[in-house]
Amino acid sequence: QQQVKQSPQSLIVQKGGISIINCAYENTAFDYFPWYQQFPGKGPALLIAIRPDVSEKKEGRFTISFNKSAKQFSLHIMDSQPGDSATYFCAARDDKIIFGKGTRLHILP
Amino acid sequence: KAGVTQTPRYLIKTRGQQVTLSCSPISGHRSVSWYQQTPGQGLQFLFEYFSETQRNKGNFPGRFSGRQFSNSRSEMNVSTLELGDSALYLCASSLIPGEAYNEQFFGPGTRLTVL
Chain R
14 QQQVKQSPQS LIVQKGGISI INCAYENTAF DYFPWYQQFP GKGPALLIAI RPDVSEKKEG
74 RFTISFNKSA KQFSLHIMDS QPGDSATYFC AARDDKIIFG KGTRLHILP
Chain B
30 KAGVTQTPRY LIKTRGQQVT LSCSPISGHR SVSWYQQTPG QGLQFLFEYF SETQRNKGNF
90 PGRFSGRQFS NSRSEMNVST LELGDSALYL CASSLIPGEA YNEQFFGPGT RLTVL
């Protein structure tokens with residue numbers, strides 16, 4: 014049973030465009046929702062995170078939108094750059110961190 | 030500050046063998062978690078250790094085990110290797126477990142190939 018569902022699996026965006034990755038969850042006990050970025054040959058690195066009592070969090074070009082009633086959250090990357098090309102994972106935590114299956118993002122130059 | 034280090038980075042084993050992977054957390058971090066990453070299943074939680082005690086465990090068979098030492102370094106062991114154990118094994122450390130915004134820092138992983 015997949016507790017955190019992530020879509021799309023892959024995404025191609027033009028440079029300067031907006032990249033949007035969506036996640037949905039079922040467990041209302043989750044209390045922390047991080048997003049991780051992973052480059053080939055590297056471990057995941059925390060990008061941005063949000064708590065369920067906040068509807069939006071912005072850090073630079075990265076924004077998390079959180080809809081508690083719908084049990085959905087999304088990552089928006091504004092002004093996407095080729096250097097943003099990576100795999101992105103959403104995650105949720107109760108007593109451990111559960112990851113979505115990842116989105117492979119490719120930004121066209 | 031040095032990051033999370035994992036050794037070895039690459040490992041090739043044959044079915045039936047056992048393997049031990051090592052993780053050194055960031056200095057001062059006392060919690061270490063292990064994950065298995067595969068293309069099909071993504072990142073799956075194996076277990077978490079804090080103060081030398083297993084605090085949490087994922088849904089993996091008993092062939093997967095781990096331990097943590099007094100200096101917070103951790104090892105995981107996989108016995109009787111199967112082809113399906115081929116994966117990237119990631120270690121992550123954090124200051125203390127379970128706290129909001131307690132960031133986990135990942136190491137580069139150990140790539141295990143089982144032939």
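Listed in order, the protein sequences are those of chains R and B. Each residue of the first sequence is one higher than the one before, starting from 14 at the first, in this note's numbering. Each residue of the second sequence is one higher than the one before, starting from 30 at the first, in this note's numbering. For each residue, glycine too, the CB sits at the ideal point set by N, CA and C.
Residue closest to residue i, alpha-carbon to alpha-carbon, out of the options
i: Ser-80(B); options: Gln-73(B), Gly-138(B), Arg-96(B) and Arg-140(B); result: Arg-96(B)
i: Met-105(B); options: Gly-138(B), His-58(B) and Ile-55(B); result: Gly-138(B)
i: Leu-60(R); options: Lys-81(R), Pro-122(R), Ser-23(R) and Ser-87(R); result: Ser-87(R)
i: Arg-92(B); options: Arg-102(B), Gln-73(B), Ser-108(B) and Leu-141(B); result: Ser-108(B)
i: Asn-89(R); options: Asp-97(R), Phe-43(R) and Lys-109(R); result: The identity of residue 89(R) in the sequence shown is His, whereas the question assumes Asn. Residue Asp-97(R) is the option with its Cα nearest to His-89(R).
i: Lys-84(R); options: Gly-30(R), Pro-21(R) and Asn-40(R); result: Asn-40(R)
i: Cys-52(B); options: Gly-136(B), Phe-76(B), Arg-140(B) and Gly-71(B); result: Gly-136(B)
i: Leu-124(B); options: Leu-117(B), Gln-46(B), Tyr-39(B) and Val-61(B); result: Val-61(B)
i: Gly-73(R); options: Asp-92(R), Asn-80(R), Leu-121(R) and Pro-53(R); result: Asp-92(R)
i: Pro-65(R); options: Ile-77(R), Gly-30(R) and Gly-113(R); result: Ile-77(R)
Beta-carbon neighbours of residue i, restricted to chain R and to distances below 7 Å
i: Glu-132(B); result: Leu-59
i: Pro-90(B); result: Under the 7 Å cutoff, chain R gives no residues; its nearest Cβ is about 18 Å from Pro-90(B).
i: Glu-77(B); result: Lys-109
i: Leu-119(B); result: Gly-56
Cα-Cα separation between residue i and residue j, rounded to whole angstroms
i: Ala-62(R); j: Gly-115(R); result: 16 Å
i: Ser-103(B); j: Lys-70(R); result: 34 Å
i: His-119(R); j: Ile-25(R); result: 5 Å
i: Phe-75(R); j: Gln-94(R); result: 12 Å
i: Gln-50(R); j: Arg-44(B); result: 32 Å
i: Leu-75(B); j: Asn-100(B); result: 21 Å
i: Trp-48(R); j: Ser-32(R); result: 14 Å
i: Pro-68(B); j: Leu-117(B); result: 10 Å
i: Phe-98(B); j: Arg-38(B); result: 21 Å
Residue i and residue j closer than 8 Å at C-beta
i: Ala-99(R); j: Val-17(R); result: no
i: Val-33(B); j: Cys-120(B); result: yes
i: Leu-112(B); j: Ile-41(B); result: no
i: Leu-72(B); j: Tyr-64(B); result: yes
i: Ile-55(B); j: Ser-115(B); result: no
Chain-ordered neighbours of residue i on chain B, where CB pairs are closer than 8 Å
i: Gly-54(R); result: Pro-137
i: Phe-86(R); result: Ordered by position in chain B, no residue passes the 8 Å Cβ test against Phe-86(R), which lies about 16 Å from the chain.
Contact set between residue i and chain B, taken where Cβ atoms lie within less than 9 Å
i: Phe-102(R); result: Gly-71 and Leu-72
Proximal chain B residues relative to residue i, where beta-carbon distance stays under 7 Å
i: Lys-114(R); result: Gly-71
Beta-carbon neighbours of residue i, restricted to chain A and to distances below 9 Å
i: Asn-106(B); result: Looking for chain A here will not work: the only protein chains present are R and B.
heavy atom of the ligand MN below 7 Å from residue i C-beta
i: Ser-53(B); result: The model depicted lacks the ligand MN and carries no ligand whatsoever.
Contacts of residue i in chain R (Cβ-Cβ under 9 Å)
i: Asp-85(B); result: The sequence shown places Asn at residue 85(B), not Asp. The contacting residues are Asp-108 and Lys-109.
* **Segments of 3+ residues assigned as beta strand (DSSP E) that fall wholly inside the segment 52–96 of chain R** => Correct list: 58–63, 69–72, 75–80 and 85–90.
* Asked: What residue ranges within the segment 91–126 of chain B form continuous beta strand (DSSP E) runs of no fewer than 3 residues, ordered along the chain?
  -> Taking only runs of at least 3 residues, the beta strand (DSSP E) segments lying wholly in the segment 91–126 of chain B are 93–97, 103–107 and 116–123.
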